Amino acid sequence: MTDLIENGDEKAKIEQTAVTQCASCGGNMEFSPETGALQCPFCGSTQEIERTQNNTIELNFLEALEKEDHSWDDEKRVFTCDSCGAETLLDQDKVADFCSFCGSSHITVSDHHAGIKPALVVPFQVSEKEAVEKFKVWIRKRYFAPNELKKTYRLNRLSGAYIPYWTFDADTQSAYVVQVGTYYYVTVTRTVYEDGQPRQVTEQVRKIRWHMESGRYNEFFDDVLVKASENVASGLVKRIEPFHLKDLVDYKMEYLSGFLAERYSISLPTGWQDAQQIIDRRIENGIRGQVYGDIVNITSVSTDYQDITYKHILLPIWISSFRYKDTVYRFLVNGQTGKVSGKAPISTGKVALVVIAVMMLVAFIIALLGNYS
Numbered sequence: 002m003t004d005l006i007e008n009g010d011e012k013a014k015i016e017q018t019a020v021t022q023c024a025s026c027g028g029n030m031e032f033s034p035e036t037g038a039l040q041c042p043f044c045g046s047t048q049e050i051e052r053t054q055n056n057t058i059e060l061n062f063l064e065a066l067e068k069e070d071h072s073w074d075d076e077k078r079v080f081t082c083d084s085c086g087a088e089t090l091l092d093q094d095k096v097a098d099f100c101s102f103c104g105s106s107h108i109t110v111s112d113h114h115a116g117i118k119p120a121l122v123v124p125f126q127v128s129e130k131e132a133v134e135k136f137k138v139w140i141r142k143r144y145f146a147p148n149e150l151k152k153t154y155r156l157n158r159l160s161g162a163y164i165p166y167w168t169f170d171a172d173t174q175s176a177y178v179v180q181v182g183t184y185y186y187v188t189v190t191r192t193v194y195e196d197g198q199p200r201q202v203t204e205q206v207r208k209i210r211w212h213m214e215s216g217r218y219n220e221f222f223d224d225v226l227v228k229a230s231e232n233v234a235s236g237l238v239k240r241i242e243p244f245h246l247k248d249l250v251d252y253k254m255e256y257l258s259g260f261l262a263e264r265y266s267i268s269l270p271t272g273w274q275d276a277q278q279i280i281d282r283r284i285e286n287g288i289r290g291q292v293y294g295d296i297v298n299i300t301s302v303s304t305d306y307q308d309i310t311y312k313h314i315l316l317p318i319w320i321s322s323f324r325y326k327d328t329v330y331r332f333l334v335n336g337q338t339g340k341v342s343g344k345a346p347i348s349t350g351k352v353a354l355v356v357i358a359v360m361m362l363v364a365f366i367i368a369l370l371g372n373y374s
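Under our numbering, the residues of the sequence shown are numbered 2 to 374, in order.
Written out as structure tokens, the structure is:
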């Protein structure tokens, strides 16, 4: 599980959501990515979900540090996996036989404390069937994988999970000092020898003229997205981004029916620290774009962050793995766009052939240039 589920000080917290019973047959309805509504898997009846966007208002960051909303997942029990540390939140009348993350049956009941309630969610738009098809296309494009992989791999069942994120807004004012380099050219004459005979050659040599500058840079940052989960591998998640936040709607339990929802394991203050790093990099890039010069080395930047606000949102991801020659390879599918990222076996023979081919091509080009000169 280490490729996908990463251990941290806070354990993974997964919520199995409340259910809505079908009015026709009494079965538990599930959210359908195809229709965007609740659908009964037994009789096919559907129930529309009213889509609203009332919770798009940003929440004050400093006020949130003093108060948390404890109404999200009350009245639930927590089942902790002794193998991977994941915590699954279930209703009081539900039991857990195995861990949704690693499949272990070593599960114990533990205490649970709620946190900040999500305000918005991007509902699943890619169904499990579509996610499987996206994976099959992805696996066929693993050109460095062994040839037999595409015929012999065994795909495990996909789990649809809503992964927690923080988004931050901030108005920034930065004072900076930079070292600016400007190119200029001088004419240099030097002596070269051809067939033992000296010859004067004149050429342009590039040099750099340096000077210091100071100034101010102001920028407002909107919806800086930070993953609030320590348990899904950041590298895999990064490769299935972006998510389109224009599809965010108010959080309702109905969207989560039939899916898992992870509680955040990265706190709001830690999330803001991660967002600051993203913002600081963008500020430095903005400063380099604002200063005129061929080279801009940033000496110092002092930034004042004002009007910091946040939202807690949930984004959809399909999580699964496949087995090849007794090794498990993890992969993710973006539940909104269908983009796939994962790990696959590599054929050393194919890699060696490519390396040999590249070396032969380089040798051919060198020989060709030698003959030409």
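Beta carbons: idealized from backbone N, C-alpha and C, even for Gly. Please read all numbers here as calculations on a predicted model, not as lab measurements.
Burial state of residue i, where buried means 16 or more other Cβ atoms lie within 10 Å
i	result
residue 165	buried
residue 10	For residue 10, the predicted model reports a pLDDT of 38, less than 50, meaning its position is unreliable and no value from the coordinates is stated.
residue 32	buried
residue 2	Because residue 2 sits at a pLDDT of 35, beneath the cut-off of 50, its placement in the model cannot be relied upon, and the following sentence gives the value as read from the coordinates. Label assigned to residue 2: buried.
residue 173	buried
residue 23	buried
residue 367	exposed
residue 119	buried
residue 159	buried
residue 371	exposed
residue 148	exposed
residue 369	exposed
residue 30	buried
residue 357	exposed
Assigned secondary structure, residue i (DSSP; H/G/I helix, E/B strand, else coil)
i	result
residue 47	strand
residue 204	strand
residue 239	helix
residue 228	strand
residue 312	strand
residue 327	coil
residue 297	strand
residue 304	strand
residue 155	strand
residue 183	strand
residue 116	coil
residue 365	helix
residue 210	strand
residue 291	helix
residue 217	strand
Spatial neighbours of residue i in its chain, beta-carbon cut-off 8 Å, leaving aside the 5 residues before and after
i	result
residue 301	177, 178
residue 155	323, 324, 325
residue 35	128
residue 28	22, 41, 42, 43, 44
residue 150	140, 143, 325, 345, 346
CB contact flag (residue i, residue j, <8 Å)
i	j	result
residue 168	residue 224	yes
residue 123	residue 261	no
residue 265	residue 229	yes
residue 138	residue 214	no
residue 238	residue 333	yes
residue 249	residue 314	yes
residue 136	residue 348	no
residue 207	residue 194	no
residue 39	residue 47	yes
residue 50	residue 256	yes
Chain-order list of residues whose beta-carbon lies under 6 Å from that of residue i (same chain, five-residue window excluded)
i	result
residue 309	62, 171
residue 175	218, 284, 302, 304
residue 222	171, 280
residue 199	192
residue 183	210, 294, 295
residue 25	44, 46
residue 240	342
residue 327	none
Nearest to residue i (by Cα), restricted to the options the options
i	options	result
residue 157	133, 23, 173	133
residue 295	210, 135, 205, 356	210
residue 343	355, 329, 351, 356	329
residue 161	143, 239, 146, 125	125
residue 247	136, 255, 194, 337	337
residue 340	141, 64, 244	244
residue 55	322, 251, 189	251
residue 37	258, 44, 352	258
residue 64	312, 181, 327	312
residue 180	321, 351, 288, 30	288
residue 203	197, 190, 212	190
residue 236	352, 371, 331, 353	331
residue 335	290, 42, 150, 131	131
residue 53	253, 327, 355, 320	253
residue 121	282, 58, 83	58
residue 319	83, 153, 163	163
Chain-order list of residues whose beta-carbon lies under 7 Å from that of residue i (same chain, five-residue window excluded)
i	result
residue 220	173, 284, 287
residue 299	177, 179, 285, 288
residue 1	Because the chain here runs from 2 to 374, residue 1 falls outside it and cannot be looked at.
residue 278	none
residue 272	167, 227, 229
residue 1	Residue 1 cannot be examined here, being either before or after the span of the chain that is shown, 2 to 374.
Any non-hydrogen atom of the ligand GTP within 7 Å of residue i CB
i	result
residue 83	Within the structure as shown, the ligand GTP is missing, as the structure has no ligands at all.
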